[in-house]
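Engineer: This structure is in structure tokens; I'll ask about it shortly.
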Amino acid sequence: MSTELDVQLDQEVARQLKIISRGVAEIVPKGELSQKLRKSIATKTPLIVKLGVDPTGIDLTLGHTVVLQKMKQFQDLGHRVHLLIGDFTATIGDPSGKSETRKQLTREQVLENAKTYSDQVFKILDRSKTEIVYNSDWLAPFTFADVIQLTSTMTVARMLEREDFHNRFTQNLPLSIHEFFYPFMQGYDSVALKADVELGGTDQKFNILMGRMLQKEYGQPQQVCVLLPILEGLDGVQKMSKSLGNYIGINEDPVNMYGKTMSIPDSILLRYFELLTDLSLEEIEELRSGIASGSVHPRDAKMKLAWMLVARFHDGDAADRAEQHFKTVFQKGALPEDIPVVSIAAEPLSIVQLLTTNNLATSNSDARRLVQGGAVKVDGDKVDRPDQQIVPQTDMVVQAGKRKFIRLKVE
RNA sequence: GGAGGGAUACCGAAGUGGCCAAACGGGGCGGACUGUAAAUCCGCUGACUUCGUCUUCGAAGGUUCGAAUCCUUCUCCCUCCA
821 MSTELDVQLD QEVARQLKII SRGVAEIVPK GELSQKLRKS IATKTPLIVK
871 LGVDPTGIDL TLGHTVVLQK MKQFQDLGHR VHLLIGDFTA TIGDPSGKSE
921 TRKQLTREQV LENAKTYSDQ VFKILDRSKT EIVYNSDWLA PFTFADVIQL
971 TSTMTVARML EREDFHNRFT QNLPLSIHEF FYPFMQGYDS VALKADVELG
1021 GTDQKFNILM GRMLQKEYGQ PQQVCVLLPI LEGLDGVQKM SKSLGNYIGI
1071 NEDPVNMYGK TMSIPDSILL RYFELLTDLS LEEIEELRSG IASGSVHPRD
1121 AKMKLAWMLV ARFHDGDAAD RAEQHFKTVF QKGALPEDIP VVSIAAEPLS
1171 IVQLLTTNNL ATSNSDARRL VQGGAVKVDG DKVDRPDQQI VPQTDMVVQA
1221 GKRKFIRLKV E
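Under my numbering, think of the first position of the first sequence as 821, with each following residue one higher.
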């Protein structure tokens, strides 16, 4: 109990707290985390950190990585990290952040998704230090009596405090009873895991607080909520999500990842640096002031971001190639290096058929529109009549818009 | 259980017998421009054998020369009452 030890302890708590706090939107309640950390360090008992995921989709997006990254930091600090696959909950459909009821999934879909999900997660998390748990383990055996006991702790009025429930209720949108159970289940997950910390996006606040409430109800110490900001998607306004199509997937090829990054509005550029890269806060501040003063070109900053992201999810070489591709195709308007080659018969055909049969257009009408809109080029020459006949030749390059190219190969 | 309101294209939302392949906004896609696949401006946005034809307005029937618009039944959603 010497003072020197206390000082060391204080320093360690401060160190961990600083790492944990970077980029987070909110820690609820604030003071409790440092107490938990102090106790954990003093007794050499790692904290139990929980992250619940909903195995509803296939591709992880950069949006998901924000919270996974935080999870990784806890891992690196030596805490016990539990990745909770909501296999049971996914069959209910969580309404969080949604304006309408989500579809319920079948068990097969959920298990399938869970597998692809965990495969991707380990691009970020350390597999050997991650415990994967499924909430069907404890939720599936629940009896109706258990459910009644669990739900008797809440009132309808309090459930309706949750923003999306409230909005849907007041806007006369459908709100099913079963959706009310979601927060209970997620909350009970924390009881089952005896979680010390639960991570999530700010849209998860209600559900995570529910965990606190239920833990108290079940006589456990209460978990701390660490809430991370919701990453805006490519449009710069709405949450990055698969359903909105404004996302960058972590499995995307380098060229697309780079290009999509370049398409984000300048307004969220720095936010991406802060939430998605390990660039220090000082360096980010330098970029900010550089852009403000005009000494740093926003485009160059964005190219740096795009490079860093590709390098992180692929590697430096891939990032270099993606950057090169971007420069040739978009900055200089030249042809890309690797155009897909398509085999074709030597018969003449109309430009419309050529576009449609090779998926450069979704339908003949679409192809027609592209031609009329001036988007179509054959060997660099604009084609402006839909009935224009083309005689395919090997190495002929057909372009529809700025991003779609094919190179023909006559058979 | 009773009374009433609603369902329109990717989304939101007009249209209430022919002028509706359906206003307008968003999104998407193209073009121009640029500092980038930012911003801004312009165009397009059901399909096809495209100066014409065919299939769309919750589903199925019906009335009519003609229906997204009227009638019947059904499905789903919302409100109020119980």
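For every residue, glycine included, the Cβ atom is placed at its ideal position computed from N, Cα and C. Every value quoted in this text rests on a predicted model; they were computed, and no experiment measured them.
Output yes or no for whether 8 Å exceeds the beta carbon distance between residue 1218 and residue 1169.
Structural biologist: No; because the gap between Cβ atoms is not below 8 Å, this pair is not in contact.
Engineer: Express the C-alpha separation of residue 1229 and residue 1161 in angstroms, rounding to a whole number.
Structural biologist: Roughly 7 Å between the two C-alpha positions.
Engineer: Just tell me which of 1163, 1179 and 1201 has its CA closest to the CA of residue 1213.
Structural biologist: Comparing Cα-Cα distances from residue 1213 to each of 1163, 1179 and 1201, the minimum goes to 1163.
Engineer: Just mark residue 963 as buried or exposed, buried being the case when its beta carbon has 16 or more other beta carbons within 10 Å.
Structural biologist: By the neighbour-count rule (16 or more Cβ atoms within 10 Å), residue 963 is not buried but exposed.
Engineer: If you pair each beta-carbon of the region 1191 to 1198 with each one of the region 1129 to 1148, do three or more pairs fall below 8 Å?
Structural biologist: At 8 Å Cβ cutoff, the stretches do not touch.
Engineer: Among the residues of its own chain, which have a CB less than 6 Å from the CB of residue 954, if the five just before and after it don't count?
Structural biologist: Taken in chain order, the residues that qualify are 905 and 907.
Engineer: Is the Cβ-Cβ distance between residue 1011 and residue 869 less than 8 Å?
Structural biologist: Taking 8 Å as the Cβ cut-off, residue 1011 and residue 869 do not qualify as a contacting pair.
Engineer: Measure the Cβ-Cβ separation of residue 1127 and residue 1139 and say whether it is below 8 Å.
Structural biologist: A contact, by the Cβ cut-off of 8 Å.
Engineer: Are residue 1198 and residue 1046 close, meaning C-beta to C-beta below 8 Å?
Structural biologist: No; because the gap between Cβ atoms is not below 8 Å, this pair is not in contact.
Engineer: For residue 866 and residue 910, which I take to be in contact (beta-carbon distance under 8 Å), what is that distance rounded to the nearest angstrom?
Structural biologist: The Cβ separation is near 28 Å, so there is no contact.
Engineer: On the three-state DSSP scale, how would you describe residue 1021?
Structural biologist: Reduced to three states, the DSSP call for residue 1021 is strand.
Engineer: Beta-carbon separation of residue 1048 and residue 1083 under 8 Å?
Structural biologist: For residue 1048 and residue 1083, no; Cβs fall outside 8 Å.
Engineer: Look up residue 950 in the DSSP assignment and say whether it is helix, strand or coil.
Structural biologist: Reduced to three states, the DSSP call for residue 950 is strand.
Engineer: What number of angstroms, rounded off, separates the C-alpha of residue 895 from the C-alpha of residue 1223?
Structural biologist: About 41 Å.
Engineer: Hey, could you find the ends of the alpha helix (DSSP H) residue 1146 is sitting in?
Structural biologist: Residue 1146 -> alpha helix (DSSP H) spans 1136 to 1146.
Engineer: In angstroms with no decimal places, state the Cα-to-Cα distance between residue 920 and residue 998.
Structural biologist: The predicted position of residue 920 is uncertain, since its pLDDT is 41 and thus under 50; a value taken from the coordinates is nonetheless stated next. Distance between the alpha carbons of residue 920 and residue 998: 13 Å.
Engineer: Let me make sure I understand the geometry here. Which of 971, 1021 and 936 has the alpha-carbon closest to that of residue 1007?
Structural biologist: Ranking 971, 1021 and 936 by Cα distance to residue 1007 puts 971 first.
Engineer: Is it buried or exposed for residue 977, if we count other Cβ within 10 angstroms and need 16 for buried?
Structural biologist: Its Cβ having fewer than 16 others within 10 Å, residue 977 is exposed.
Engineer: Reducing DSSP to helix, strand and coil, say where residue 837 ends up.
Structural biologist: Note: residue 837 maps to helix in three-state DSSP.
Engineer: Which ranges would you report for the alpha helix (DSSP H) in the region 1174 to 1221 if only whole runs of at least 4 residues count?
Structural biologist: Taking only runs of at least 4 residues, the alpha helix (DSSP H) segments lying wholly in the region 1174 to 1221 are 1184 to 1192.
Engineer: Taking only three categories from DSSP, how would you classify residue 1228?
Structural biologist: Three-state result, residue 1228: strand.
Engineer: Please determine, among 1096, 1137, 934 and 1088, the residue with the shortest C-alpha to C-alpha distance to residue 888.
Structural biologist: If we check each option's Cα against that of residue 888, 1096 comes out closest.
Engineer: Could you please give the first and the last residue of the uninterrupted alpha helix (DSSP H) stretch that includes residue 968?
Structural biologist: Counting along the chain, the alpha helix (DSSP H) containing residue 968 begins and ends at 964 to 971.
Engineer: Please classify residue 1117: is it buried, with 16 or more other beta-carbons within 10 angstroms of its beta-carbon, or exposed?
Structural biologist: Flag for residue 1117 reads exposed.
Engineer: Enumerate in chain order the residues of its own chain whose CB-to-CB distance from residue 1220 is below 7 Å, with the five nearest sequence positions on each side excluded.
Structural biologist: So the list reads 1175, 1180, 1181, 1190, 1195 and 1196, once near-sequence residues are dropped.
Engineer: Measure the alpha-carbon distance for residue 1215 versus residue 1178 and round it to whole angstroms.
Structural biologist: The straight-line gap from Cα to Cα measures roughly 15 Å.
Engineer: According to DSSP, is residue 982 part of a helix, a strand, or is it coil?
Structural biologist: Of the three classes helix, strand and coil, the one that applies to residue 982 here is coil, per DSSP.
Engineer: Note down the Cα distance separating residue 1087 from residue 1119, rounded to an integer number of angstroms.
Structural biologist: Spanning the two alpha carbons is a distance of roughly 12 Å.
Engineer: Could you name the residues that DSSP lists as bridge partners for residue 847?
Structural biologist: Residue 847 pairs with 1046.
Engineer: Helix, strand or coil: which one does DSSP assign to residue 1106?
Structural biologist: In this structure, residue 1106 counts as helix in the three-state DSSP scheme.
Engineer: Taking only the alpha-carbon atoms, compute the straight-line gap between residue 834 and residue 901 and give it to the nearest angstrom.
Structural biologist: If I take the Cα positions, the gap works out to 20 Å.
Engineer: Do you know offhand how far residue 1034's Cα is from residue 1121's?
Structural biologist: Residue 1034 and residue 1121: Cα-Cα distance of roughly 46 Å.
Engineer: Give the single residue among 1172, 1100, 1036 and 1150 whose Cα lies nearest to the Cα of residue 1205.
Structural biologist: Nearest C-alpha to residue 1205: 1172.
Engineer: Please identify the residue among 1208, 1057 and 1167 whose C-alpha is closest to the C-alpha of residue 1231.
Structural biologist: The residue with the shortest Cα to Cα distance from residue 1231 is 1167.
Engineer: Look at the alpha carbon of residue 934 and the alpha carbon of residue 1203, and state the distance between them as a whole number of angstroms.
Structural biologist: Approximately 47 Å between the Cα atoms of the pair.
Engineer: Starting from residue 1132, trace the alpha helix (DSSP H) both ways and give me its first and last residue.
Structural biologist: Its alpha helix (DSSP H) spans residues 1118 to 1133.
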